[in-house]
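First the structure, in the form of structure tokens, and then the observations on it.
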Amino acid sequence: MSTAFGDWDGSIVEARRMQERLAAEVSLRDDVRETPRWLAGFDVGFEDEGATTRAAAILLAADTLQPVASEIVRMPTSMPYVPGLLSFRELPALVAVLARLPHPPDLAFVDGQGIAHPRRLGIAAHFGVATGLPSIGVAKNVLCGKHEAPGPSAGEHTPLVHRGDHIGWVLRSKPRCNPLIVSPGHRVSMQGALDRVLRTLRGYRLPEPTRLADRLASRRG
DNA sequence: GCGACAG
DNA sequence: ATCTTGTCGC
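Residue numbering for the first sequence follows the working numbering, beginning at 62 and increasing consecutively.
The following block contains the structure:
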């Protein structure tokens with residue numbers, strides 16, 4: 062079976078039902094230790110005009126934010142990009158690259174939304190539920206929800222609200238730069254997600270785990 | 001009905 | 001996401 066979804070033989074309706082079921086497994090209780098030891102950043106890029114999916118992972122010491130290991134995994138792209146269903150396209154590669162790290166992190170920063178998603182299961186939340194790891198979503202754009210613009214100074218933030226729910230934060234991570242969309246993935250609270258991102262900013266728009274994973278996935282690092 | 005729409 | 005150098009502005 063293959064129609065508007067290319068090679069993917071599933072259905073949009075089925076995928077959404079799966080998201081609703083998995084979203085019920087998401088925990089917003091903060092399980093991250095006060096001083097985690099290892100952090101990791103994850104991101105996905107594409108090669109061969111999209112035919113190849115490339116996932117990158119970077120493991121770093123939480124205290125110094127210095128990278129200690131990095132891995133890249135390539136596999137055939139299985140599905141086209143469909144807003145709201147991003148994880149079905151990118152999650153397999155992320156799980157594979159996680160397995161290649163010397164050991165799992167105490168907290169994972171995933172490029173994309175956490176619960177700031179129509180059905181509260183963005184790729185960072187899906188990644189958390191699938192792996193059991195605490196996770197945070199760090200996106201460059203809004204998928205859903207409304208918000209006021211945060212002030213001009215680094216650290217200023219406003220809540221992102223969708224259908225009456227507080228689903229994340231719009232954070233000015235760096236002056237004169239577009240804000241980031243931060244939301245809990247799994248086993249991290251709303252406040253915890255914001256705090257963790259603020260603590261890993263180092264003068265760039267993206268928090269260190271995400272910045273390093275980004276440059277690897279985009280064939281720069 | 002129309003527009004928006006992570007990567 | 002990706003095609004791509006220099007350039008304008010703070």
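Glycine included, every Cβ here is placed at the ideal spot set by N, Cα and C. Treat the numbers as computed from the prediction; the structure is a model and nothing was measured.
V74 counts as exposed, since fewer than 16 other C-beta atoms from the protein chains shown sit within 10 angstroms of its C-beta.
Beta-carbon to beta-carbon, L168 and L100 are separated by about 5 Å, close enough to satisfy the 8 Å threshold.
According to the DSSP assignment, E132 belongs to the beta strand (DSSP E) that extends over P128 to P137. L241 is the residue among V156, L241, G282 and G193 whose C-alpha sits nearest the C-alpha of L221.
By the neighbour-count definition (other C-beta atoms within 10 Å, threshold 16), H223 is a buried residue.
Residue burial is scored here from C-beta neighbours: M251 has at least 16 other C-beta atoms within 10 angstroms and is therefore classed as buried. Under the criterion of beta carbons closer than 8 Å, V199 and V243 qualify as touching, at roughly 6 Å. Per DSSP, the continuous alpha helix (DSSP H) segment holding L155 begins and ends at L147 to R161. Taking the Cβ atoms as the reference, P166 lies roughly 12 Å from L126, outside the contact range of under 8 Å. The Cβ atoms of I184 and L152 sit closer than 9 Å to each other. For T219, the enclosing beta strand (DSSP E) covers residues H218 to H223.
The continuous stretches of beta strand (DSSP E) do not include I73, which lies in the alpha helix (DSSP H) extending over residues I73 to A84.
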